[in-house]
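So for the sequence shown, our numbering puts the first residue at 53; every next one is plus one.
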Amino acid sequence: MTKPRLFSGMQPSADSLQIGNYIGALMQWRGMQDDYDAFFTVVDLHAITVPQDPARLREKTRRTAAQYIAAGVEPSRSTLYVQSQVPAHAELAWILSTITGFGEASRMTQFKDKSQRYGSDQTSVGLFTYPVLMAADILLFQAEAVPVGDDQKQHVELTRNLAERFNSRFGETFTVPKPVIQGETARIYDLQEPTAKMSKSADSQAGVLYLLDDINVTAKKVMRAVTDSEGVVRYDRAEKPGVSNLLTIYAALSGREISSIEDEYAGRGYGDFKKGLRDVIVAEFEPVRARALELLEDTAELDRVLSANADRASEAAEETLSAVYERVGLLRRG
Ligand code: TRP
Numbered sequence: 053m054t055k056p057r058l059f060s061g062m063q064p065s066a067d068s069l070q071i072g073n074y075i076g077a078l079m080q081w082r083g084m085q086d087d088y089d090a091f092f093t094v095v096d097l098h099a100i101t102v103p104q105d106p107a108r109l110r111e112k113t114r115r116t117a118a119q120y121i122a123a124g125v126e127p128s129r130s131t132l133y134v135q136s137q138v139p140a141h142a143e144l145a146w147i148l149s150t151i152t153g154f155g156e157a158s159r160m161t162q163f164k165d166k167s168q169r170y171g172s173d174q175t176s177v178g179l180f181t182y183p184v185l186m187a188a189d190i191l192l193f194q195a196e197a198v199p200v201g202d203d204q205k206q207h208v209e210l211t212r213n214l215a216e217r218f219n220s221r222f223g224e225t226f227t228v229p230k231p232v233i234q235g236e237t238a239r240i241y242d243l244q245e246p247t248a249k250m251s252k253s254a255d256s257q258a259g260v261l262y263l264l265d266d267i268n269v270t271a272k273k274v275m276r277a278v279t280d281s282e283g284v285v286r287y288d289r290a291e292k293p294g295v296s297n298l299l300t301i302y303a304a305l306s307g308r309e310i311s312s313i314e315d316e317y318a319g320r321g322y323g324d325f326k327k328g329l330r331d332v333i334v335a336e337f338e339p340v341r342a343r344a345l346e347l348l349e350d351t352a353e354l355d356r357v358l359s360a361n362a363d364r365a366s367e368a369a370e371e372t373l374s375a376v377y378e379r380v381g382l383l384r385r386g
């Protein structure tokens, strides 16, 4: 039996992923590889919708791919590749842009936020059409499932609309995908400002845990995480955002229920709790970090694995793309 297709991706936007990406995406991806024919992509074409330093972009692309693999996304089981190595992404994006309404694209809230942040001089047409490229990513592989964060839900909704529109205009061509949205149990907040989502662009790095940081730095950040004055290890997102966030991380990494962790630390202070959490994080991160750094020592081998996976992705993508060209009425080369 053929497995349903799954597509997801992350931008190569930093040297290291942070624990929010790890819990919210990588752990989930790792766990879905058995049930799906999965495609995991480093979306470098999306990254260049905002200015990038070329050498740094290449470096961050490799580092992101290495972290996928180190976290357990296996290039022998899933297709793990770099978006720009499969030209069909850009080709399908063009076709889809011709059936996307200008007004429809203008309603994308992430574009509105980003274009405001960067100012009109820095806002490219590419940033505007970013969601169309994302739709192309997903539809190229006939993906049924698309694991994404909450912030990407609107883009997947657009993808569904474009798939349905194309299908009704040109005939059944695309699978209409469904977003798989991570729940509250996978949402990680800044350790210093636990009401804000953890993000590498935070003003202070003290509350951001990076997968590739020196493990002592990570341990210190955990021990200095903001809590509250109640002194009770108890989940209460509204009243105790700091402790609740730490409990979320603890539960996600250990695979335990939050209530069982609360019980374990009943009558004990935050110091003990943080030490316990620190040990869990160190045990999880250490081998991932070591493996990622090892992969990055042999970039020739890493590049070879990525190219081989891009070949596999190209093959699947070409099937969809040629059907699309045919339906749209483009004269094919004989
Ligand atoms: N836009 C996504 C993000 O920033 C990344 C992405 C690009 C993606 N193409 C995708 C995610 C296709 C899922 C499916 O997080």
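Even glycine gets a Cβ: it sits at the ideal position worked out from N, Cα and C.
On a predicted model such as this, the values are computed, not experimentally measured, just so you know.
With 16 or more other Cβ atoms inside 10 Å of its own Cβ, D265 counts as buried. Relative to ligand 1, the beta carbon of H141 is positioned no closer than 6 Å to any heavy atom. Within the stretch 190 to 246, the complete alpha helix (DSSP H) runs of at least 4 residues fall at 205 to 222.
A straight-line Cα-Cα distance of about 8 Å links Y322 and T279. Scanning its chain for C-beta atoms nearer than 8 Å, with the 5 sequence neighbours on each side dropped, one finds around R320 the residues V285, in chain order.
The three-state secondary structure of D324, taken from DSSP, is helix.
The beta carbon of G124 sits closer than 7 Å to those of R82, all from its chain and outside the five residues before and after it, given in chain order. Beyond the five residues adjoining it in sequence on each side, V357 comes within less than 7 Å, by CB distance, of P127 in the same chain, given in chain order.
When DSSP states are grouped into helix, strand and coil, G171 belongs to the coil group. Ranked by Cα distance from Q137, the options Y377, A369, G223, A118 are led by A369. Here the distance from the Cβ of M186 to the nearest heavy atom of ligand 1 is below 6 Å.
Non-local beta-carbon contacts of P229 in its own chain, meaning distances under 8 Å to residues more than five positions away in sequence, involve F59, I190, L191, A195, E196, A197, V198, V208, T211, R212, A215 in chain order. Annotation for I147: V376, V380 place their beta carbon closer than 7 Å to its own, counting only its chain and skipping 5 residues before and after. Here DSSP, grouped into helix, strand and coil, assigns K272 to helix. Secondary structure in the stretch 93 to 158: the beta strand (DSSP E) runs of 3 residues or longer, each lying completely within the stretch, are 131 to 134 in chain order.
In the DSSP assignment, L354 falls within the unbroken alpha helix (DSSP H) covering 351 to 380.
Using a cutoff of 6 Å, the CB of I190 counts as near ligand 1, since one of the ligand's heavy atoms is closer than that. The beta carbon of A118 is closer than 7 Å to those of A344, L347, L348, L354 in its chain, skipping five residues each way along the sequence. Under the three-state reduction of DSSP, S68 is assigned to coil, being neither helix nor strand. Taking one beta carbon from each stretch, the stretch 67 to 74 and the stretch 163 to 172 have fewer than 3 pairs nearer than 8 Å; the two do not touch.
Under the three-state reduction of DSSP, R289 is assigned to coil, being neither helix nor strand.
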